[in-house]
Amino acid sequence: MHRVTCKVISVATTNTRDLRNTLTFLTDNDDARVIGKLIAERSKKADVYAIAYEPGKNEQIEGRLEIILDTIYKNGIIFV
-13 MHRVTCKVIS VATTNTRDLR NTLTFLTDND DARVIGKLIA ERSKKADVYA
37 IAYEPGKNEQ IEGRLEIILD TIYKNGIIFV
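Read in our numbering, the sequence shown has 8 at position 22, and its numbers run on one by one without any break.
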């Protein structure tokens, strides 16, 4: 979500029809990489190349969330 305009930049979920039919397991680590790549691609398409992620209180970045954020970074989106 863009902070100034409050416009949603990119959204990706395994519940969409096109992903549900192509992904083998909806909670697999490979699926998390697909979601990260989609978010990065859609952000680039919207001309957004830098994002901020603010974890919640006592939230640890691990597991699938870590994989998604790492994939977004590896696909050219900078975290500020």
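Don't be surprised by glycine CBs; every beta carbon is placed ideally from N, CA and C.
These numbers come from a predicted model, not from an experiment.
Here aspartate 17 is buried, its C-beta having at least 16 other C-beta atoms within 10 Å. Here tyrosine 39 has Leu55 and Phe65 as same chain residues with Cβ atoms under 7 angstroms from its own Cβ, once five neighbours each way along the sequence are excluded. In the DSSP annotation of this structure, alanine 32 is not part of any alpha helix (DSSP H), being labelled neither H nor E. With a 10 Å radius around the Cβ and a threshold of 16 neighbouring Cβ atoms, threonine 8 comes out exposed.
The beta carbon of alanine -2 is closer than 6 angstroms to those of Ile21, Leu24 and Ile25 in its chain, skipping five residues each way along the sequence.
Here asparagine 61 has Lys23 and Ala26 as same chain residues with Cβ atoms under 6 angstroms from its own Cβ, once five neighbours each way along the sequence are excluded. Rounded to the nearest angstrom, the gap between the Cα atoms of isoleucine 58 and arginine 3 is 22 angstroms. Less than 7 angstroms divides the Cβ of asparagine 15 from the Cβ of isoleucine 53.
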